[in-house]
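Beneath this line is the structure, given in structure tokens, with notes to follow.
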DNA sequence: AATGAATGAGCGTTCATTCAT
DNA sequence: CATGAATGAACGCTCATTCAT
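Chains as they are written, first to last, in the UniProt record's numbering: chain S, 1 to 206; chain V, 1 to 206; chain U, 1 to 206; chain Z, 1 to 206.
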């Protein structure tokens, strides 16, 4: 890759990052391209050179953020590949880490923006859900299925189990963080993830 | 109350209803006051006479919708006052009805608008959450507490139980309805509510 | 007609007049709506309230000007209804008056704008030609036909005669005024119209 | 001339030709330099290297086109040097050929562009008129003068005769082609040129 | 000399809001 | 009180022009 094209790609990513920041700060309609350009340190037409218009800019910024969130979530779920001796402890650890990812600024902004712009960008919902909620639910279902096979969880539909464990984590957090508006104290995060694992194991432990 | 002032109140409510409809259709920034005025059948300055500006209009429209959603939810939870013989059946009925309310157009629009406008109207989150999620969680906790006392549920923190039951209902629905974008088939709604009750009773049955 | 609606119509006409002035001064693309608004003494959005966009503004301004030019031309041709004793003198008078109309600022701007915007407004050509060139050619043909019947002109196709008389007037003027750019001295105008009538009568006198 | 500078000149001419094409297609203001560069197969800054800015580009493109149109017209008029036996036939032939040149795409675009941009490029009018209308009028006047001397046309001011013959040709064509917008059928072109010669000879035959 | 990338300036259009009736 | 009309402020987008390579 040449130095020039490398610079071009860097600039494109800088613009996408700036766009996500500004969209997150203001919302789609309230964000103005000028502010995005300033945040990225380029002139307004440069934004248009790289990403043809505001809608495109939004779509790509969301898509890039969704990829990052997906990666962070999958990395956490992978930890269940080595469940160790103490299954409850491992689940609590994973649950807690999922909660942390789910509560971080980027995840919350992504959900908020996607959700708030369903009317204008209906197709983004599928894209974002596929890369975040769906993907992590599937990965988790895979792990739970293996745990069932290994006799450490009751047998049954691992998709439902996965869905419910995630619901027990994210549901209370949405409420307690006021839809991602307020920081959730560490202790509360721990309480929620532990309670979720507790209820989950009541229902699904072998 | 005089006939005249009665008419004034009617017009105000017509405007608020129209505002909610249009905001739900377009989103806050994309909705224009002209369209709201047309939907309400009045002239634009009339809107300004009744509700000083667009922000105010939004706040009051959201508030009114939140009141309606709250009432619908509480009515459902009240059914747990008479749990009857078959607790599982009663919970399944209540759970299913909550799912229905939660999936209806108005609830979804309310969540979407509030969520999408956190940046501009941060205070609305508290107002809406207090009247919807919090209120129903409390009412449900009240009912669960009574059921514990009556020996029909294990004793423990009824708030956590309430929170988890609601999470088991709304979490999966958010995913399956693609954040309220897609209709959820009746069968799926039933499956979700039954699975929620099942897991809930695994953890909380006496 | 109410005073209010009268005022509205006045304002619309003021905007159209200002638009024609500015378009004539700058050309279509170079004219900016802001300048038109200033020329009309209103704010920019007022222009958009009355005439939905720039293209519409242009079309209506051109149409109005075409109407005025048409009326002026027809009034001149009408003079041939009373040819009087001295046909040559009457024709010279009419010819000279047509030349005057054809050379005035408004006619020239109208032709220039229409001509210059064929690519963008192809339908305007027909509209303008119908109301100016065609209409005056027909009216003139009518008069010439009567003169033939009255035995004062040779018989023949009056349309061709009309077309040629007008060509003998406008052709030399286009050249001498540098496509309407330069004032044509009164003496030259007279020379052109007299020469045209002379040639015309050589070919068409009874 | 070196091969290199020869290539440079070729590129310059390619740019001028592309510019005329694009200006003719879109009009001056609507044409963008990017499109001209693409039409010429070069990059945008190359256009600026060869012709300093858009105005210059326009001027030179127009000038080049005017030269070509002039040459085509003069070639036709030269045919009157050998009038042959049948003067009417020769005049009809020349008239018809002039009509053809006058109706071709390039001539029409040239007139349209020049005419439409009088406001911005007032000096172009003189340049173009001098090379087209004036030049052909003069050349034609020269031929007519010789024909007068030879006793084949009445004596008199050959400039006026030339001007009127050209007016009788171009005037009706402007109308019938809707200012160059519509194709004029071959039969109509013939009718116009024959009628022009007929009237011309009525007035000017010896 | 030629180009990909960047930019400053400007324009059409919209919209929340306010007058005047 | 209700309304038709008017406006100031923004914003998305384009384009001629210039750097840097």
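Just so it is clear, CB atoms sit at the ideal spot from N, CA and C, and this is done for glycine as well.
Cβ-based neighbour list, residue 73/V, same chain, cut-off 6 Å, excluding 5 preceding and 5 following = Answer for residue 73/V: 101 and 136, listed in chain order.
message = I'd like the ranges of any alpha helix (DSSP H) spanning at least 4 consecutive residues and lying wholly in the region 131 to 179 of chain V.
response = Counting whole runs of 4 or more residues, the region 131 to 179 of chain V contains the alpha helix (DSSP H) stretches 135 to 149 and 158 to 176.
Chain-ordered residues of the region 140 to 163 of chain Z with a beta carbon less than 8 Å from chain U = In summary, the residues of the region 140 to 163 of chain Z whose CB is separated from some CB of chain U by less than 8 Å are 160 and 163, in the order they occur in the chain.
task = Look up residue 205/Z in the DSSP assignment and say whether it is helix, strand or coil.
result = Residue 205/Z: strand per DSSP, three-state reduction.
task = Evaluate residue 27/Z with the Cβ neighbour count: other Cβ atoms within 10 Å of its Cβ, from every protein chain shown; 16 or more gives buried, anything less gives exposed.
result = Taking all protein chains in view, the Cβ of residue 27/Z is crowded by 16 or more other Cβ atoms within 10 Å, so the residue is classified as buried.
task = With a 10 Å radius around its C-beta and 16 neighbouring C-beta atoms as the bar for buried, classify residue 3/S as buried or exposed.
result = Only weak support exists for where residue 3/S lies, its pLDDT of 46 falling under 50; the value from the coordinates is given anyway. By the C-beta density criterion, residue 3/S is exposed, having fewer than 16 other C-beta atoms within 10 angstroms.
request  = Determine the direct distance from the alpha carbon of residue 177/U to that of residue 96/Z, and round the result to whole angstroms.
outcome  = Distance between residue 96/Z and residue 177/U, taken at the CA atoms: about 26 Å.
task = Would you verify that the beta carbon of residue 194/V is, or is not, closer than 8 Å to some beta carbon of chain S?
result = Not an interface residue.
query = Within the 8 Å Cβ cut-off, does residue 71/S reach chain V?
reply = For residue 71/S, the answer is no, since every Cβ of chain V falls outside 8 Å of its Cβ.
query = How would you label residue 62/S, buried or exposed, when you count the other beta carbons within 10 angstroms and need 16 or more for buried?
reply = With a 10 Å radius around the Cβ and a threshold of 16 neighbouring Cβ atoms, residue 62/S comes out buried.
Of the residues 164/Z, 105/Z, 185/Z and 37/Z, the one placed nearest residue 204/Z, counting alpha carbons only = Nearest neighbour of residue 204/Z by Cα position, chosen from 164/Z, 105/Z, 185/Z and 37/Z, turns out to be 164/Z.
query = Which runs of the alpha helix (DSSP H) spanning at least 4 residues fall entirely within the UniProt domain "HTH tetR-type" (9 to 69) of chain S, listed in chain order?
reply = For the UniProt domain "HTH tetR-type" (9 to 69) of chain S, whole alpha helix (DSSP H) runs of length 4 or above, ordered along the chain, are 33 to 40 and 44 to 50.
task = Would you decide whether residue 45/S is buried or exposed? Buried here means 16 or more other CB atoms lie within 10 Å of its CB.
result = Flag for residue 45/S reads exposed.
query = For a contact meaning CB atoms closer than 8 Å, what does residue 59/U contact in chain Z?
reply = Going along chain Z, no residue has its Cβ under 8 Å from residue 59/U, so there is no contact; the nearest lies around 16 Å.
query = Given a limit of 7 Å on CB to CB distance, which residues of the region 88 to 99 of chain Z reach chain U?
reply = Within the region 88 to 99 of chain Z, no residue qualifies.
ask   = Does DSSP classify residue 116/Z as helix, strand or coil?
value = Three-state DSSP puts residue 116/Z in a helix.
Nearest-angstrom Cβ-Cβ length linking residue 209/U and residue 179/Z, presumed shorter than 8 Å = Because chain U in this structure spans residues 1 to 206, residue 209/U falls outside the shown range and cannot be described.
request  = Return yes when the Cβ of residue 94/S is within less than 8 Å of the Cβ of residue 139/S, no when it is not.
outcome  = Taking the C-beta atoms as reference points, residue 94/S is found no nearer than 8 Å to residue 139/S.
query = Helix, strand or coil: which one does DSSP assign to residue 75/V?
reply = Three-state DSSP puts residue 75/V in a helix.
message = At the 8 Å Cβ level, is residue 46/V part of the contact set with chain S, yes or no?
response = No, no contact with chain S.
inquiry  = Within 10 Å of its beta-carbon, does residue 9/Z have 16 or more other beta-carbons around it, so buried, or fewer, so exposed?
reply    = Under a 10 Å Cβ-count criterion, residue 9/Z is classified as exposed, with fewer than 16 other Cβ atoms of the shown protein chains found around its own Cβ.
task = State yes or no: is the C-beta of residue 81/Z nearer than 7 Å to some heavy atom of the ligand FMN?
result = Questions concerning the ligand FMN fall outside what the structure shown contains, since it holds no ligand whatsoever.
task = Below 8 Å on the Cβ atoms is my guess for residue 21/U versus residue 38/U; work out the distance and round it to an integer in Å.
result = About 11 Å separates the Cβ atoms of residue 21/U and residue 38/U, ruling out a contact at the 8 Å cut-off.
message = What would DSSP say about residue 90/S, mapped onto helix, strand or coil?
response = Correct three-state label for residue 90/S: helix.
key: CA-to-CA distance, residue 153/Z to residue 80/Z, given in whole angstroms   = Their backbone Cα atoms lie some 13 Å apart in a straight line.
key: Collapsed DSSP secondary structure at residue 4/S in the structure displayed   = Residue placement at residue 4/S is flagged as unreliable, the pLDDT there being 49, under the threshold of 50; the coordinate-derived value follows with that caveat. DSSP places residue 4/S in helix when its eight states are reduced to three.
key: C-beta atoms of residue 168/Z and residue 161/U nearer than 8 Å   = No, Cβ-Cβ distance for residue 168/Z and residue 161/U is not below 8 Å.
request  = Indicate whether residue 33/S and residue 11/S have their beta-carbon atoms separated by less than 8 Å.
outcome  = In this structure, residue 11/S does not lie closer than 8 Å to residue 33/S by Cβ.
request  = Examine the Cβ distances between the region 179 to 195 of chain S and the region 104 to 123 of chain S and report whether three or more of them are shorter than 8 Å.
outcome  = For the pair of segments examined, the region 179 to 195 of chain S was found to touch the region 104 to 123 of chain S: the number of CB pairs separated by less than 8 Å reaches three.
task = Return the CA-CA distance between residue 18/V and residue 115/Z, expressed in angstroms with no decimal places.
result = Cα to Cα, the separation comes out at about 54 Å.
inquiry  = Cβ closer than 7 Å: which chain V residues qualify as neighbours of residue 168/S?
reply    = What residue 168/S touches in chain V, judged by beta-carbon distance under 7 Å, is 164, 167 and 168, going in chain order.
message = Please list the terminal residues of the continuous alpha helix (DSSP H) segment that includes residue 124/U.
response = For residue 124/U, the enclosing alpha helix (DSSP H) has its first and last residue at 122 to 129.
ask   = If you check the beta carbons only, do residue 202/U and residue 159/Z fall under 8 Å apart?
value = No, the Cβ-Cβ distance between residue 202/U and residue 159/Z is not below 8 Å.
ask   = Quick one: is residue 21/V near chain S, going by C-beta distance under 8 Å?
value = Closer than 8 Å to the CB of residue 21/V there is not a single CB belonging to chain S.
query = DSSP on residue 190/Z, reduced to helix/strand/coil?
reply = Helix, per DSSP.
task = Count the other CB atoms, across all protein chains shown, that sit within 10 Å of the CB of residue 171/Z; report buried if there are 16 or more and exposed otherwise.
result = When all chains shown are included, residue 171/Z counts as buried.
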